[in-house]
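Residue numbers (the numbering used here): 621 to 1213.
Beta carbons are placed, not taken as given, at the ideal position from N, Cα and C, and that holds for glycine.
Predicted model, so just to flag it, every value in this text is computed and none were measured.
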Ligand SMILES: Cc1cc2nc3c(=O)[nH]c(=O)nc-3n(C[C@H](O)[C@H](O)[C@H](O)COP(=O)(O)OP(=O)(O)OC[C@H]3O[C@@H](n4cnc5c(N)ncnc54)[C@H](O)[C@@H]3O)c2cc1C
């Protein structure tokens, strides 16, 4: 008799779940096209930015990416979760199929999509990159992380490395022949990188000897081929204490020999492979650097600032992971709810069992999943547009992007977890068992609120650094704009007014502890506010006849968001302005009582 773990075992619904799960993902190209053409004003924005990209080109790229993701990466997702990565003789073996898929992915030019043409990239706008990432990681989150980290490494090098380092290391990274990794975290230095102890000493020939242990390094080692370029934070001997004494080094797995071939193993090794609750196909490594050769990137002691270039990009990408996993979980839950027959519709005279999607509570869950996913995506698009504009010299857009990034990272990843959890709920018991993959989406989603700066750290950033941008005006102006434009949507306008009021209170009378105590509820309110505003614009475009294909669905999803999600955010105000006194009413040792 077959066990329920084996492929091909039929469940009560009479389906092979693996085939069914594979069939339940479709790249959301129609939605992308609508947004490009009718909401984002893509072609106008591109021409204002002097970029030669039209909607047809962007859509053609996205369709091709969608095919790759659905046909090639999606089938690997389940096997990747079950098989996981292995450490064999000190080297990481990724699950079967991953290395070959990565090599084909790189050979087809996907890693270079949005990179600067000066370094061999194709120069497409960030939004096309983010949509491609969405499909990549919706179908296979473990696979998607590695190219996204490589892109972050490229951006940090492009912004901070000297010409010689750039010439040697950037082109193969941009092409994806080599991959990048970000080595910040140590066992005693997580959120607080000022505590890191990895050391670097000059060798006298322009290179450095880097020594220390880093934990949790994503794609720290793998078998995709090519070099692995670690960007490592370390201290020089004369470094001042704290974050002002951290420098950034490029430390590759392979060094060049005299002939320039990258074949000499550097003094670094994988100490262990982390055992994780999700993302099993993504190798998360404990890396030991034992006097490894590296090169300084940028100025001594200015490493954290350089690393922030990479982290900002990474935070947008991780926020995008929320939308990615949410889209995947929603599509699958919708397919299941249409298929699973259980109970008659309440009050129906003939008592015939119906598909569960006919029951009000399942409808509520599906619409919530759709509304949160589309809201998260709307925030992402708005953020990427501001980044593109900021990169072309628009200072106001740059400040706005700075404000949106923590909203996107924190709320987007919370959304990913919530939507994936609702996906399990819709599958009932079949969601709790592994066979349907619904549980994998939730397990995989759970890391996103933690890495790239925990969501608590994002919220702290919002109410400290971001609150004061442009003398405090940048944040107030954002909420005042929303309140004005949303005058016809009273609840959303009230939320925007509340956000502006809380921001003013935080800029004025609130103590630092008060601000930090209210930071997470405020961050959620602000994110829902901006997402609701962007969704409202989408609904208006659809109402104006812009997208007949979405004429029925978009207004319903947006209405759900405005009428059910926005009021919940309003309810967070009490927590945002409550201050810190109650939190410290008990000393730490008495909290156990
Ligand atoms: C699967 C995985 C992949 C990762 N990939 C990488 C990688 O590629 N490169 C890399 O360098 N690191 C990576 N990390 C590390 C990750 O970035 C850290 O785990 C994260 O920054 C949190 O640090 P920590 O785990 O030490 O938690 P801690 O810093 O100990 O935080 C614990 C809790 O305390 C809270 N907290 C801490 N300080 C404050 C504060 N000042 N105010 C309010 N709350 C606070 C946090 O929000 C959190 O809730 C990865 C981790 C995992 C699990």
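- Beta-bridge analysis with DSSP links residue 869 to 852 and 916.
- Spatial neighbours of residue 1094 in its own chain (CB-CB distance under 7 Å, excluding positions within 5 residues in sequence) are listed in chain order as 1019, 1020 and 1023.
- The C-beta separation of residue 999 from residue 1154 comes to about 7 Å, placing the pair in contact by the 8 Å criterion.
- In terms of Cβ geometry, residue 925 and residue 1072 do not form a close pair [threshold 8 Å].
- The stretch 750 to 821 contains, as complete beta strand (DSSP E) runs of 3+ residues, the segments 799 to 803 (chain order).
- For residue 948, the enclosing alpha helix (DSSP H) has its first and last residue at 923 to 959.
- With the rule of 3 Cβ pairs closer than 8 Å, the stretch 935 to 949 does not count as touching the stretch 875 to 883.
- Rounded to the nearest angstrom, the gap between the Cα atoms of residue 906 and residue 836 is 6 Å.
- Between residue 776 and residue 927, the C-beta gap is smaller than 8 Å, which places the two residues in contact.
- Distances from the alpha-carbon of residue 696 to those of 705, 707, 708 and 718 put 718 closest.
- Non-local beta-carbon contacts of residue 1190 in its own chain, meaning distances under 8 Å to residues more than five positions away in sequence, involve 1111, 1114, 1115, 1118 and 1145 in chain order.
- Between residue 859 and residue 900, the C-beta gap is not smaller than 8 Å, which leaves the two residues out of contact.
- With contacts defined as CB atoms closer than 8 Å, residue 1016 and residue 989 fail to qualify as a contacting pair.
- Following the DSSP letters along the chain, one finds residue 1142 inside the alpha helix (DSSP H) bounded by residues 1139 to 1163.
- Exclusion of the five residues before and after residue 817 leaves 806, 808, 809, 832 and 855 as the residues of its chain whose Cβ lies within less than 8 Å of its Cβ.
- Residue state for residue 1036 is assigned as helix, using DSSP reduced to three classes.
- In the structure shown, residue 1204 adopts helical secondary structure according to DSSP, grouped into three states.
- If you check the CB distance, residue 1048 and residue 698 do not come in under 8 Å.
- A Cβ-Cβ distance of about 5 Å is found for the pair residue 666 and residue 673, placing them in contact under the 8 Å criterion.
- Judged by beta-carbon spacing, residue 936 lies beyond the 8 Å limit of residue 780, meaning their Cβ atoms are not closer than that value.
- Secondary structure at residue 888: strand, using DSSP grouped into helix, strand and coil.
- Note on residue 969: under 16 other CB atoms within 10 angstroms of its CB, so exposed under the neighbour-count rule.
- In terms of Cβ geometry, residue 830 and residue 725 do not form a close pair [threshold 8 Å].
- A distance below 8 Å separates the beta carbons of residue 1061 and residue 948.
- Taking the C-beta atoms as reference points, residue 866 is found nearer than 8 Å to residue 813.
- Taking a C-beta distance under 8 Å as the contact criterion, residue 1124 and residue 1102 do not qualify as a contact pair.
- If you draw a straight line from the Cα of residue 1003 to the Cα of residue 1009, it is about 10 Å long.
- Collapsing the DSSP output to three states places residue 964 in a strand.
- Note on geometry: alpha-carbon atoms of residue 686 and residue 729 lie some 15 Å from one another.
- Around the C-beta of residue 972, fewer than 16 other C-beta atoms lie within 10 Å, and the residue is accordingly described as exposed.
- Between residue 993 and residue 1039, the CB-CB gap stays under 8 Å.
- Beta-bridge analysis with DSSP links residue 908 to 833 and 889.
- For residue 684 against residue 675, the beta-carbon gap comes to about 15 Å, at or over 8 Å, which does not count as contact.
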